[in-house]
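So the sequence shown is residues 461 to 576, counted in the numbering used here.
Glycine included, each C-beta is placed from N, C-alpha and C at the ideal position.
No experiment lies behind these values; they were computed from the predicted model shown.
Structure first, commentary second.
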Amino acid sequence: QVQLVESGGGLVQAGGSLRLSCAASGTIWSADAMGWYRQAPGKQRELVVSITGGGSINYGDSVKGRFTISRDNAKNTMYLQMNSLKPEDTAVYYCNVFWISGLDYWGKGTLVTISS
Numbered sequence: 461q462v463q464l465v466e467s468g469g470g471l472v473q474a475g476g477s478l479r480l481s482c483a484a485s486g487t488i489w490s491a492d493a494m495g496w497y498r499q500a501p502g503k504q505r506e507l508v509v510s511i512t513g514g515g516s517i518n519y520g521d522s523v524k525g526r527f528t529i530s531r532d533n534a535k536n537t538m539y540l541q542m543n544s545l546k547p548e549d550t551a552v553y554y555c556n557v558f559w560i561s562g563l564d565y566w567g568k569g570t571l572v573t574i575s576s
């Protein structure tokens, strides 16, 4: 069983930066994929960025060049550095860890609000 806890959300002005953290209770680095998703009010959850076990990274088109995923294996924590934030980045951000075997874990999310 893996528990994921996101933190770092908040209210920021457009053009600002935030760093989100996703702390895992168990070892997650053997996962087939992990990443960040977001869900804005009235919209479907969408991919922000994913990274496979092989190290391939896939960013959503709307965040390319502004967001960066990273991780600290020693701390069992994944990060999302978000720069040049826009009002349209306002959403609840979730971290996810996935194994092809069917294990699929989500955090409860952290709210990011960008004011114009």
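Every unbroken beta strand (DSSP E) within the segment 472–532, with a cutoff of 3 residues, ordered by chain: List check, beta strand (DSSP E) in window: 478–484, 493–499, 506–512, 517–519, 527–532.
Cutoff 7 angstroms; reference Y519; Cβ partners in own chain excluding five residues on either side: Translated into the one-based positions of the sequence shown, residue 519 becomes position 59. V509, F527, listed in sequence order.
Under 8 angstroms between C-beta atoms of A484 and T550: As a first step, residue 484 must be located in the sequence shown, where it is residue number 24. As a first step, residue 550 must be located in the sequence shown, where it is residue number 90. For the 8 angstroms CB-CB criterion, A484 and T550 do not form a contact.
Burial state of R479 (16 or more Cβ within 10 Å): Residue mapping note: residue 479 aligns to position 19 of the sequence shown, counting from 1. With fewer than 16 Cβ atoms within 10 Å of its Cβ, R479 is classed as exposed.
Limits of the beta strand (DSSP E) - the one that A551 falls within: The residue you call residue 551 lines up with position 91 of the sequence shown. Note, A551: beta strand (DSSP E), 551–558.
Contact set for I574: own chain, Cβ-Cβ below 7 angstroms, skip 5 residues either direction: Indexing the sequence shown from 1 puts residue 574 at position 114. Only V472, A474, L545, K546, P547, D549, T550 meet the Cβ criterion.
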